[in-house]
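Positions -32 to -1, 1 to 480 (mature numbering (1 follows the signal peptide of the UniProt record, and there is no 0)) are the ones given, in order, by the sequence shown.
Glycine included, each C-beta is placed from N, C-alpha and C at the ideal position.
Every value quoted in this text rests on a predicted model; they were computed, and no experiment measured them.
The next block holds one structure in the form of structure tokens; read it before the comments.
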Amino acid sequence: MSNSVSRGRSRRFLVAATAVTLGAGTALTATALGASASGQAASTYIVLARDGAAAGGASRAVTAAGGTVVASYDAIGVVIARSSSADFAATVSGRSGIQGVSATAGFATKVGDTTDGASDATSDTAPAAPAAPTTWGDSLSGLQWDMRQIKVPEAQAINAGSSSVLVGDIDTGLDFTHPDLAPVYDAANSTDCTSGASAPLAIGNDANGHGTHTAGTIAAAANGTGIVGVAPGVRIAGIRAGDADGFFFPEAVVCSFMWAATHGVTVTNNSYFADPYLFNCKNDPVQRAIWEAERRAIRYAQARGVTVVAAQGNFADDLSHPTMDNQSPDNTTPVDRTVTNACAVVPVEVSGVVGVTATGNLQMKSFYSSYGISTADVAAPGGDSILQRTAASPNGRVLSDWPLGAINNCLASRRLFENGSLYCYQQGTSMASPHAVGVAALIASTTGARGGALAAALTGATNSLSCPADVSMYAFFPSQLDLTTPQTCSGGVGHNSWFGSGEVDAFKAVSH
């Protein structure tokens, strides 16, 4: 998640989906649906079959209620549906074999935002000119403090990644025409899931920029120009779940994990939370089906050997002890909600998901990064433009690829051009997660580890970071979910709430 600390639609990157046609490896159908004859716009729904029940019964219930099936994921008993009837949810919920029905968002919701992150207390500086020539990397690699911090140059001297490893970047798409991404892009295993059903990933698909940035961090090619990713030898698939406005709604998240599960993806990057709720509360009937559908899709992918890595979020909040959610639902006006541990952030709080917190160039926790003793597994560079500006990182942010078509989503002071291509400085746990994913890809390339074994190896390829003795510098950055709770760190050197087992180390990943 790119960083924002303002109330409202702060960094989640999600999608208000439109229904499209196409099938995807797991049995599904997809058709289009617009407004009803009365002019009322159609809404998207998650329809959940009871455990053990086939999705076919749920599909028939949707049709009987006058709705349209967008996609039917039989393997997990989930149907994505659309209807313009105000009684649709109640009607379908009353059918036998149905566990729950939840609307996901208004059909055409669009919320204005940028992907640049918070307006910092200190003014931005223009990106530095390329640093002195380096013995590692491409033309802009002198600016990649983040890669040096986690020993990527040393790692790539041993193993830069194998083409047998496929990374799925579940994001806003990616600019596969960018010279850093074209050589590593896997078109056959890429897709657009924004409707809830898979469709071809079109040229110019990333109108946001966020996905191109995360993809570059993972696997930008070592081609002499621009930057180099953590694992430039692997393949990367763009799995588009977020639209130009940065929305990732449940139907797209479900589709994305089902695609990853059936297309040979080794590890997925997830730099978002699933809308419209930051915290999905399992005991809330409105949200229960959303939580369960996403959980089923993620667990299905994990059961098929997909390692899932996810950003912690940018709310400076302790996810292990939540008290307030002032961000939801983000497709309308957010309201203050009291939340408990019965409420969870998806995907990072789903069992087995590797949660990533963000660090800056001083290897301290970034001022905005959420954390939690039960959710933080590893830390990785995400940038910190307030507490951790250094000579090596003068604006505190992470440099990566950016599509020219989304140039207005990168502030002028954060842009770099190299040989006609665009690069952008960003910060957030969105930037941290792909560093960890790249390290996981190096481990998979070196050892062949997959699934839970790969997740365990990733948490072991770290350098321990202790809780700081003095956290007074974070006093100006309380939880952005209640605006009062101070940030605190708990746990020991081996595992704590701010850094998990420690900051990822690419060299350890390939040498142990």
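What do you get for residue 321, buried or exposed, if any count of 16 or more other CB atoms within 10 angstroms of its CB means buried?
The sequence position of residue 321 within the sequence shown is 353, counting from 1. It is buried - the Cβ of residue 321 has at least 16 other Cβ atoms within 10 Å.
DSSP three-state call for residue 317: helix, strand or coil?
Here residue 317 is taken as the residue at index 349 of the sequence shown, counted from 1. It is coil, neither helix nor strand.
Please report the straight-line C-alpha distance between residue 360 and residue 271, rounded to a whole angstrom.
On the sequence shown, residue 360 is found 392 positions in, with the first residue counted as 1. On the sequence shown, residue 271 is found 303 positions in, with the first residue counted as 1. Between residue 360 and residue 271, the C-alpha separation is close to 41 Å.
Which first and last residues belong to the beta strand (DSSP E) in which residue 349 is found?
Numbered from 1 along the sequence shown, position 381 holds the residue referred to as residue 349. Segment 346 to 349, the beta strand (DSSP E) holding residue 349.
Simplified DSSP state of residue 369, which is helix, strand or coil:
Sequence index remark: in the sequence shown, residue 369 carries index 401 (1-based). In the three-state DSSP reduction, residue 369 falls in the strand class (E or B).
Just the C-alpha distance for residue 356 and residue 328, rounded to the nearest angstrom, thanks.
Residue numbering aside, residue 356 sits at position 388 when the sequence shown is read from its first letter. Residue numbering aside, residue 328 sits at position 360 when the sequence shown is read from its first letter. Computed Cα separation, rounded: 6 Å.
So what's residue 149 in DSSP terms, helix, strand or just coil?
The count along the sequence shown starts at 1 and reaches residue 149 at position 181. Residue 149 falls in the coil class under three-state DSSP.
Please classify residue 440: is it buried, with 16 or more other beta-carbons within 10 angstroms of its beta-carbon, or exposed?
Taking the sequence shown and counting its residues from 1, the one referred to as residue 440 is at position 472. Per the 10 Å Cβ criterion, exposed.
Exposure of residue 475, with buried meaning 16 or more beta-carbon neighbours within 10 Å
Within the sequence shown, residue 475 is the residue found at index 507, counting from 1. Residue 475 is buried by the Cβ-count criterion.
I need the DSSP call for residue 40, collapsed to helix, strand or coil.
Position 72 of the sequence shown, counted from the start, is the residue given in the question as residue 40. It is a strand residue.
Provide the residue span of the alpha helix (DSSP H) that contains residue 494, from first to last.
Here the chain has residues from -32 to 480 only, and residue 494 is not among them.
Would you say residue 469 and residue 341 are within 7 Å of each other, going by their C-beta atoms?
Against the sequence shown, residue 469 aligns to sequence position 501. Against the sequence shown, residue 341 aligns to sequence position 373. No.
The beta strand (DSSP E) that contains residue 13, what's its start and end?
Counted from its first residue, the sequence shown places residue 13 at position 45. Per DSSP, residue 13 belongs to the beta strand (DSSP E) from 11 to 17.
Using 8 Å for Cβ pairs, my map puts residue 159 next to residue 210. What's the rounded Cβ distance?
As a working note, residue 159 is residue 191 in the sequence shown. As a working note, residue 210 is residue 242 in the sequence shown. That belief does not hold up - the Cβ atoms of residue 159 and residue 210 are roughly 13 Å apart, past 8 Å.
Give me the Cα-Cα distance between residue 473 and residue 404, rounded to the nearest whole angstrom.
To locate residue 473, count along the sequence shown from 1; it is residue 505. To locate residue 404, count along the sequence shown from 1; it is residue 436. Rounded to whole angstroms, residue 473 to residue 404 spans 9 Å at the Cα level.
Which stretch, first to last residue, makes up the beta strand (DSSP E) that contains residue 384?
The residue you call residue 384 lines up with position 416 of the sequence shown. Start and end: 383 to 386.
Closer than 7 Å by C-beta to residue 146: which residues in its own chain qualify, once you throw out the five before and the five after it? Chain order, please.
As a working note, residue 146 is residue 178 in the sequence shown. If we look at residue 146 and ignore the five residues flanking it on each side, its Cβ neighbours are 180, 369, 371, 389.
Assuming contact is defined by CB atoms lying nearer than 7 Å, are residue 105 and residue 196 in contact in what I supplied?
Position 137 of the sequence shown, counted from the first residue, corresponds to residue 105. Position 228 of the sequence shown, counted from the first residue, corresponds to residue 196. For residue 105 and residue 196, yes; Cβs fall inside 7 Å.
Who are the near neighbours of residue 482 in its chain, counting only those whose CB is closer than 8 Å to its CB and skipping five residues on each side?
In the structure displayed, the chain extends from -32 to 480; residue 482 sits before or after that span and is not available.
Element boundaries [beta strand (DSSP E), containing residue 327]:
Numbered from 1 along the sequence shown, position 359 holds the residue referred to as residue 327. Run containing residue 327: 322 to 327, per the beta strand (DSSP E) assignment.
Per DSSP, what kind of secondary structure is residue 419 in: helix, strand or coil?
To locate residue 419, count along the sequence shown from 1; it is residue 451. In the structure shown, residue 419 sits in a helix (DSSP, three-state: H, G or I).
Look at the alpha carbon of residue 461 and the alpha carbon of residue 432, and state the distance between them as a whole number of angstroms.
Position 493 of the sequence shown, counting from 1, holds the residue named residue 461. Position 464 of the sequence shown, counting from 1, holds the residue named residue 432. Computed Cα separation, rounded: 6 Å.
Who pairs with residue 336 in a beta bridge, going by DSSP?
The residue given as residue 336 occupies position 368 in the sequence shown. In the DSSP output, where bridge partners are listed per residue, residue 336 has none listed.
State buried or exposed for residue 376, treating a residue as buried only when at least 16 other CB atoms are found within 10 Å of its CB.
In the sequence shown, residue 376 corresponds to position 408, counting from 1. The residue is exposed, with fewer than 16 neighbouring Cβ atoms inside 10 Å.
By the DSSP assignment, the beta strand (DSSP E) with residue 45 in it spans what residues?
Here residue 45 corresponds to residue number 77 of the sequence shown, with the count starting at 1. Unbroken run through residue 45: none, as it is neither H nor E.
What are the start and end residues of the alpha helix (DSSP H) that includes residue 186?
Sequence index remark: in the sequence shown, residue 186 carries index 218 (1-based). 178 to 187 is the extent of the alpha helix (DSSP H) around residue 186.
Could you tell me the boundaries of the alpha helix (DSSP H) in which residue 270 lies?
Residue 270 sits at position 302 when you count from the first residue of the sequence shown. It spans 256 to 271 - the alpha helix (DSSP H) in which residue 270 sits, taken as one unbroken run.
C-alpha distance - residue 111 paired with residue 420, whole-angstrom precision
Here residue 111 refers to the residue found at position 143 of the sequence shown. Here residue 420 refers to the residue found at position 452 of the sequence shown. Each residue's Cα considered, the two are about 34 Å apart.
Is there contact here, the stretch 406 to 413 with the stretch 421 to 429, by at least three beta-carbon pairs under 8 Å?
yes
Between the Cα of residue 241 and the Cα atoms of 263, 274, 26, 191, which residue gives the shortest distance?
Here residue 241 refers to the residue found at position 273 when the sequence shown is read from its first residue. Per the Cα distances, 263.
Does the distance from the C-beta atom of residue 129 to that of residue 205 stay below 7 Å?
Position 161 of the sequence shown, counted from the start, is the residue given in the question as residue 129. Position 237 of the sequence shown, counted from the start, is the residue given in the question as residue 205. No. Outside cutoff.
Selection from 218, 467, 171 that minimises the alpha carbon distance to residue 14:
Stepping through the sequence shown from its first residue, residue 14 is reached at position 46. For residue 14, the nearest C-alpha among the options comes from 218.
Range of the contiguous beta strand (DSSP E) that encloses residue 356:
Working through the sequence shown from its first residue, we reach residue 356 at position 388. Here residue 356 belongs to no beta strand (DSSP E), and DSSP marks it neither H nor E.
For the alpha helix (DSSP H) that residue 331 lies in, which residues bound it at each end?
Locating residue 331 in the sequence shown gives position 363, counting from the first residue. Element bounds for residue 331: n/a, residue is neither H nor E.
Selected residue, minimal CA-CA separation from residue 43, among 157, 120, 229
Residue 43 sits at position 75 when you count from the first residue of the sequence shown. Minimum Cα distance to residue 43 is reached at 229.
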